[in-house]
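Shown next, in structure tokens, is the structure this report addresses.
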Amino acid sequence: MFIIARGDELTPLETDNLRVDVEGDVRNEYVNSIRWVKPGVLLLEQFDIFRGGTGDARYQFIAKFDDKIGKFQIISKKKVPSRE
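So the sequence shown is numbered by the numbering used here: it starts at 13 and just counts up by one.
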């Protein structure tokens with residue numbers, strides 16, 4: 013959950029649905045915020061571990077807060093190469 017300023021008020025925002033859809037059978041998924049790019053625009057990283065020892069995947073994506081609907085929308089995503 014994040015707190016965002018809307019005018020003179022601070023509003024809590026649910027971020028539970030901020031994730032990138034991936035192909036495969038995901039066993040564990042971790043999403044971490046990296047930094048605010050600018051006000052209302054957040055850089056996140058998602059790490060997925062797949063079932064059956066088929067590996068893992070890492071994605072970075074940018075979510076922008078949409079004032080009209082009051083939620084974050086994913087505006088870009090990219091797969092990050094393996095660290096190995």
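Glycine is no exception: its CB is placed at the ideal position from the N, C-alpha and C atoms.
Please report the straight-line C-alpha distance between I61 and N29, rounded to a whole angstrom. So the two alpha carbons sit approximately 18 angstroms from each other.
Which runs of the beta strand (DSSP E) at least 3 residues long sit entirely within the region 29-59? Give them in chain order. You should have 38-50.
Rounded C-alpha distance that separates R47 from F77: CA-CA distance, R47 to F77, rounds to 14 angstroms.
Residues sharing a beta bridge with K89, DSSP: The partner list for K89 (beta bridge, DSSP) reads F73.
Among G65, N44, Q72 and D33, nearest to K89 - alpha-carbon criterion: Selected option, being the one with the closest Cα: Q72.
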